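Each remark here refers to the structure printed beneath this line.
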Amino acid sequence: MSIRKITRNEVTTQPKKSSNNILIKGARVHNLKNITVEIPRNKLIVVTGVSGSGKSSLTIDTLFAEGQRRYAESLSAYARQFMARMNKPDVDYIKGLCPAIAIEQKVITRTPRSTVGSMTEIYDYLRLMFARIGKTISPVSGREVKKDDVNDVVNAISRFKKGDKILLLVAFRQHHNRDAKEELNILMQKGFSRIYANGEVIRIEDIQEKKNISSVFTHVTTYVLIDRLVVKDFDEEDKHRISDSVTTAFYEGEGEVTLEINGSQTLHFANKFELDGIKFEEPVPNLFSFNNPYGACPVCGGFSLVLGIDPDLVIPDKRLSVFENAIAPWRGEKLGLWKEKLIRSARHFDFPIHKPIIDLTSAQYNLLWTGNAYFSGLDEFFKEVEQNLYKVQYRVLLSRYRGRTLCPECHGYRLRKEALYVKVDHKNIGELCEMPVKDLKKWFDEIELSDYDKTVAKRILIEINNRLETLLDVGLGYLTLNRLANSLSGGESQRIQLTRSLGSNLTNSLYILDEPSIGLHSRDTERLIVVLKNLRDLGNTVVVVEHDEMMMREADHIIDMGPLASHLGGEVIAEGDYDDIINNPESLTGKYLSGKLSIDPPKHIRKWNRSITVRGARQNNLQDIDVVFPLNVLCIVSGVSGSGKTTLVKQILYPSLKKLKGEFAEKAGLSKGLDGDLDYISQVEMIDQNPIGKSSRSNPVTYIKAYDEIRELFSKQPLSKMRGYMPKHFSFNVDGGRCDACKGEGEKVVEMQFLADVHLVCDVCGGKRFKQEVLEVTYQEKNIYDVLEMSVDEAIKFFGGEKKGNKKSDATGAEVAKKIQPLSDVGLGYIKLGQSSDTLSGGEAQRVKLASFLGKGKGQGNLLFIFDEPTTGLHFHDIKKLLGSFNALIEQGHSIIVIEHNTDVIKSADWVIDLGPEAGDGGGNLVYAGIPSGLKKIKESYTAKYI
589 MSIRKITRNE VTTQPKKSSN NILIKGARVH NLKNITVEIP RNKLIVVTGV SGSGKSSLTI
649 DTLFAEGQRR YAESLSAYAR QFMARMNKPD VDYIKGLCPA IAIEQKVITR TPRSTVGSMT
709 EIYDYLRLMF ARIGKTISPV SGREVKKDDV NDVVNAISRF KKGDKILLLV AFRQHHNRDA
769 KEELNILMQK GFSRIYANGE VIRIEDIQEK KNISSVFTHV TTYVLIDRLV VKDFDEEDKH
829 RISDSVTTAF YEGEGEVTLE INGSQTLHFA NKFELDGIKF EEPVPNLFSF NNPYGACPVC
889 GGFSLVLGID PDLVIPDKRL SVFENAIAPW RGEKLGLWKE KLIRSARHFD FPIHKPIIDL
949 TSAQYNLLWT GNAYFSGLDE FFKEVEQNLY KVQYRVLLSR YRGRTLCPEC HGYRLRKEAL
1009 YVKVDHKNIG ELCEMPVKDL KKWFDEIELS DYDKTVAKRI LIEINNRLET LLDVGLGYLT
1069 LNRLANSLSG GESQRIQLTR SLGSNLTNSL YILDEPSIGL HSRDTERLIV VLKNLRDLGN
1129 TVVVVEHDEM MMREADHIID MGPLASHLGG EVIAEGDYDD IINNPESLTG KYLSGKLSID
1189 PPKHIRKWNR SITVRGARQN NLQDIDVVFP LNVLCIVSGV SGSGKTTLVK QILYPSLKKL
1249 KGEFAEKAGL SKGLDGDLDY ISQVEMIDQN PIGKSSRSNP VTYIKAYDEI RELFSKQPLS
1309 KMRGYMPKHF SFNVDGGRCD ACKGEGEKVV EMQFLADVHL VCDVCGGKRF KQEVLEVTYQ
1369 EKNIYDVLEM SVDEAIKFFG GEKKGNKKSD ATGAEVAKKI QPLSDVGLGY IKLGQSSDTL
1429 SGGEAQRVKL ASFLGKGKGQ GNLLFIFDEP TTGLHFHDIK KLLGSFNALI EQGHSIIVIE
1489 HNTDVIKSAD WVIDLGPEAG DGGGNLVYAG IPSGLKKIKE SYTAKYI
């Protein structure tokens, strides 16, 4: 590694705030233009700027990457070969760097075993708590299962009155392959000399002299006398003697001991974990782990779901009643007899056969499955089907209704039943995991424990309460601990990682957060800021990549990147506190914060006469609501985090519409169905921020299908015709014209085992991806590589404004310009045509998808677009362009529904649907539906307070 000597002048030219600050010198990662920036220690720093300006390149790809690399380099070469190999960021040096932790905006796990409880480590502490202070309760008698030890027996003896005579006894056991005489001989050899039978003590020698020894053992129980005691003030020596006798008794009695007091009273002790004839498992942490074979439910393996009868397949349309054939397998002439029996007998137990299934009470619904004395339920029906599986028609019938369903053994708790017998303050661990965090916190605040249990669990309770408090602070009080990690949004996942980091109470560390306010309502953002300040006050440096105005106002220091994006960005435009940014004339962010530039609401609200209505939505926390979604307008769904927005739009509306259009979709959430102008919508599109391509060769121009025209254009040039080149020769995805050495990648990767892979520019094509003879073909003096290196705006000017060449080429060039124009319209004029899609941010990827639809024009029917938080990663300037794109789509005859918290977007809507008022159980209601100005008058709406 070559180290360039840094002169004193080079360092001191930068404004120094403190010698302890983190100094980044000469950063050149991605589009960063050799920048030098100083980050104050132990402060809350916001890095902002337009999308693609280099914020993540500076924070994640430079600062965090170097922190991780330095940690990895401290390990041995042997250990490093098993780690993800880390590239050294392209930077001169970073001075004053402390241990770095990055919390990014992505779902960090896809495993079906990972839950909110395991991600936050709360479940690990719960397991420990139940193992240490949990009380095992017998399901038969409801009594606590206890295991007695020597001290319990000694203490019991000491509590009796002075002078009481006590016999220490164990049951006489005769093994199956020994007779009574042999058993007595063995007892004599062990040093025991007396038997207690029928209320009297008998010497073993006297028994052996009898001719009929078995007559002694005809009583209900015969005991071996271990010791005789008279209660007094026992000294230490007496207690040692009694303890030895009790230990011997437990051994000889195989864990069971009996005390007889004054010949009239008996006490039984057992050091076995048994009660009511059941042998229970002793609580240990692994008993409560569904990731461990010891604790996992033996039926579902800890997954909570098994392959069984799927209720949603058995009753596919819950809007129908039993009389209207809601139960699918009971349709038809023969199997319909099961339904007829229920209908004829329903009057005996007052069952509403004409009531839709969705409106039945839980008791009535369960009755359909369990049946009663008058009719056989669905459970009995499928049991009979399984008994006839030797017949092919029954095998076909059963296959129609099989699917993933709740485990009948553990009922979704994931644990073996022995773990659920263990309770703390009358609750088992499964019940705690099903409680929303806000209710769980209240339960822990009111928990009743003995003094002993409080002492044992003191540290555990501190850790659990800290993490629950943080989950509430970051606005996740509506989640349950058993919520699957892969069902969380990116913002929820990021805030859960934040909870875990805060719980560890690290100090003097560098935290880098990538847009933690994603998915947060303005009310919850205020709470998040308090959490971040607490993290700073512990002695940490907190760097936040963020566009939220509220976050910037509270920041100690702001770094504004720009001026624009991609190759037009990568510079530090402004630095300082909130006032410094506002007063900086070059800062685009400052202009929006000060009001010089703004996102103005539309002057005219669009009227609508078509709509789609969701009836009786009651999935998750939705409270049986009817919601009207107007068409041909910009419709915003708002509300606090966890109020039911995603459930309503993504789990009910979207899959229901997809299925109505005959397309594959996930199972739709519970509702009475859709009605309205369903035929008006020709197609439904969900536009999210997932990457637009997995291949490193994927790029925006191929995604919007403009590359086909460019290749066609080059194949029509005179030199191409002479050499017989076809459009495929100008593609780097197939053999022909691409470089054979690097396969069109432009670089070669050399694997270095325990060091980072080395990326070298291809020595054959020089990184230009094509063969030299293909690069000789030019259009307007530019070859295919030169065109791919152009920005979108440059390419529009190049292809749309040429006047040379024949008319055919001009027409094709104009067609290319027309194809790529939508990229510029959505604010992506700065990206290069051939830029790899894996270098695009989430917001950029979403806008490329949007551009692909804008480019199709009006010939694609009336589409319904659904956006989930499209302002994620977007600067004020980009949001303005995004709204312009939305308007363009609506003008083409399409409809847009947006799940959003951003107040600028809500103000720009034609129709607002506000859910809430709270999250979780306190949400799921329709608070408001109407034009944005009317929302301000709704007192119970949290959204109204911020717009």
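Take any residue in the sequence shown, count from 1 to its spot, add 588: that is its number in the working numbering. Ideal Cβ positions, reconstructed from N, Cα and C, are used throughout, including at glycine. All of these numbers come straight from a predicted model, not from anything done at the bench.
Per DSSP, Trp1031 has no beta bridge partner at all.
Cβ neighbours of Ala744 within its own chain (closer than 8 Å, five residues either side excluded): Leu847, Leu855 and Phe857.
Arg990: member of the beta strand (DSSP E) spanning Arg990 to Leu994, first to last residue.
For Asn739, the enclosing alpha helix (DSSP H) has its first and last residue at Val738 to Ser746. Within the model, the alpha-carbon separation for Asp737 versus Tyr1040 is close to 17 Å. Between Arg1002 and Phe868, the beta carbon gap of about 19 Å keeps them out of contact (Cβ cut-off 8 Å). Between Leu1236 and Ser1229, the alpha-carbon positions lie close to 13 Å from each other. Out of His1109, Val1119 and Gln762, the CA that lies nearest to the CA of Gln1085 is found in Val1119. For Asn609, the CB contacts under 7 Å within the same chain, skipping 5 residues up- and downstream, are Glu626, Ile627, Pro628, Arg629 and Gly684 in chain order. Beta-bridge partners of Pro1520 (DSSP): none assigned.
In the three-state reduction of the DSSP assignment, Gln853 falls in the strand class, which pools E and B.
Under the three-state reduction of DSSP, Tyr1180 is assigned to helix. Looking at the DSSP output, Arg816 shares a beta bridge with Leu755. DSSP, read as helix, strand or coil, puts Phe970 in helix. Rounded to the nearest angstrom, the gap between the Cα atoms of Leu775 and Arg720 is 39 Å.
Listed as beta-bridge partners of His1347 by DSSP are Val1337. DSSP places Lys683 within a strand segment (E or B) once states are collapsed to three.
Within the segment 1065-1095, the complete alpha helix (DSSP H) segments of 4 residues or longer fall at 1078-1091, listed in chain order.
For Lys613, the enclosing beta strand (DSSP E) covers residues Ile610 to Ala615.
Collapsing the DSSP output to three states places Val638 in coil. The continuous alpha helix (DSSP H) containing Gln1360 extends over residues Gln1360 to Leu1363.
Take Gly751, set aside five residues on each side of it, and the residues of its chain with a beta-carbon closer than 7 Å to its own are Val818 and Val819, in chain order. Per DSSP, Trp957 lies in no beta strand (DSSP E); the unbroken alpha helix (DSSP H) holding it starts and ends at Ser950 to Thr958. One thing to note: Met1139 has its Cβ no nearer than 8 Å to the Cβ of Ser1092. Here the alpha carbon of Pro1288 sits roughly 33 Å from the alpha carbon of Pro1173.
Around the beta carbon of Leu1416, a 10 Å sphere encloses 16 or more other beta carbons of the protein chains shown; the residue is thus reported as buried.
Beta-carbon to beta-carbon, Lys1233 and Val1225 are separated by about 5 Å, close enough to satisfy the 8 Å threshold. For secondary structure counted as the beta strand (DSSP E) over 3 or more consecutive residues, the segment 848-936 holds these complete runs in sequence order: 853-858 and 893-897. Counting along the chain, Thr1290 sits inside no beta strand (DSSP E); it lies in the alpha helix (DSSP H) bounded by residues Pro1288 to Tyr1291. In the structure shown, the three-state DSSP call for Asp826 is helix. Cβ contact annotation for Arg992 (same chain, cutoff 6 Å, sequence separation greater than five): Leu893, in chain order.
The DSSP assignment places 1483-1487 and 1499-1504 as complete runs of the beta strand (DSSP E) inside the segment 1482-1512, in order along the chain (cut-off: 3 residues). Per DSSP, Phe1318 lies in no beta strand (DSSP E) segment and is marked neither H nor E. The alpha-carbon separation between Asn619 and Glu1382 amounts to approximately 18 Å. Per DSSP, the continuous alpha helix (DSSP H) segment holding Gly1388 begins and ends at Val1380 to Gly1388. By a beta-carbon distance limit of 8 Å, Gly1332 does not contact Phe1318. Their separation comes to about 11 Å.
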